[in-house]
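If you're matching positions, the sequence shown starts at 1 in the UniProt record's numbering and goes up one per residue. A virtual CB, placed ideally from N, CA and C, is assigned to each residue, including glycine. Here is the structure we will look at, set down as structure tokens.
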Amino acid sequence: MARRLLLVRLEAAKMRRLHTIPVVVVAVVAVVALSCMNLFRPEAPVVGADPDAWPWASLLLNAAMMNALVHPVLVAVIASRQTDIENTGAGWTLNSTTGVGPGALCRAKTALLVAVLALAVAAETAATIGLARARGYTVPLEWGQWTQYAVLLWLVDGVFVGAHVWLAAKWDNQLICVGVGLLGAFTAMYMFLAPSAIARMVPWGYYAVITNTRLVGRQAGGVHYGSVDLPWVVGFLLLALAALAWATHRMDRVER
């Protein structure tokens, strides 16, 4: 345990040098700005005071779509930056001489990035809600719905950042890692329009699957809350974690 904590601390030192936090802050600001564009319309205070308009559900759907567009790219970029330093600086070899295999190093990087993403999701959610309140949203907030979405978003981000750390470690060319993230962003956005049966079959489709709001009409109040297919989400997360555990432990057994 002490050794793992030391690895995470060393990764935190690398993160400061790589300026990862400013990158995350830019992404959070972008998501909040894109999610809250409708709040600056003249009718926003009126909508925010009308319970029949479901203002918080509409805002959450906007946020979910922007998260699906930005977060796949964000996790790819921060995973690539955190891992590529080992490729360019012979870090894999240096760590191996101290008994730290590539897989263990990838797990430490993933653990730290997952913690950073937790702060990012929390800050993004709080900023979105705060801005809506400032713009006159007086309807009571459905805390349970927003909390559920935020937690599931963080978990999905977590497995994707682990996958991108593995990709960045496996291939020195970081265009592969970032390119997969860009492809994932467009796929995730498209999955909001696809049938749920298809979205569940695509990894990035889970950005849509975890969204607990549904478009039920074009009129005011056309966005309502809906249920999330939790068994599928839990199954995806467990399968992804098992695959990452197997892949990173295999890295420790295979000579790099």
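Within 10 angstroms of the Cβ of residue i, are there 16 or more other Cβ atoms? Answer buried if so, exposed if not.
i, result
"E124", "buried"
"V25", "exposed"
"T147", "exposed"
"S227", "exposed"
"T88", "exposed"
Grab the span of the alpha helix (DSSP H) containing residue i for me, first residue to last.
i, result
"residue 257", "Summary: the structure shown does not reach residue 257, with the chain confined to residues 1 through 256, and so no result is reported for it."
Is it the case that the CB of residue i approaches a heavy atom of the ligand PLP more closely than 8 Å?
i, result
"Q174", "Of the ligands one can find in the structure shown there are none, so the ligand PLP has no counterpart to examine."
For chain B, check one thing: does any of its Cβ atoms lie closer than 9 Å to the Cβ of residue i?
i, result
"T213", "The chain inventory of the structure shown lacks chain B, comprising one protein chain alone."
Can you tell which of the options has its C-alpha closest to the C-alpha of residue i?
i, options, result
"V77", "H164, L34, V228", "H164"
"A150", "A208, P231, R253", "A208"
"D32", "P22, M66, M15, E43", "The sequence shown places Val at residue 32, not Asp. The candidate whose alpha carbon is nearest that of V32 is M66."
"G222", "V47, F236, M251", "V47"
"A243", "L34, L215, G162", "G162"
Exercise for the section: Examine the Cβ distances between the segment 134-141 and the segment 166-180 and report whether three or more of them are shorter than 8 Å. Expected result: no
Exercise for the section: Can you check the segment 16-104 for any alpha helix (DSSP H) of at least 4 residues that lies completely inside it and give the ranges in chain order? Expected result: Those alpha helix (DSSP H) runs which fall completely within the segment 16-104 and span 4+ residues are 20-35, 44-48, 55-88, 91-97.
Practice task
Please confirm if the segment 33-52 is in contact with the segment 6-24, defined as three or more CB-CB distances below 8 Å between the two stretches.
Solution key: no
Practice task
Entirely within the segment 186-245 and at least 4 residues each: give me those alpha helix (DSSP H) ranges in chain order.
Solution key: The segment 186-245 contains these whole alpha helix (DSSP H) runs: 196-199, 206-209.
Practice task
Take every Cβ of the segment 193-204, pair it with every Cβ of the segment 115-123, and state whether three or more of those distances are shorter than 8 Å.
Solution key: no
Problem - the segment 234-243 contacting the segment 153-163, beta-carbon criterion three pairs below 8 Å - result: yes
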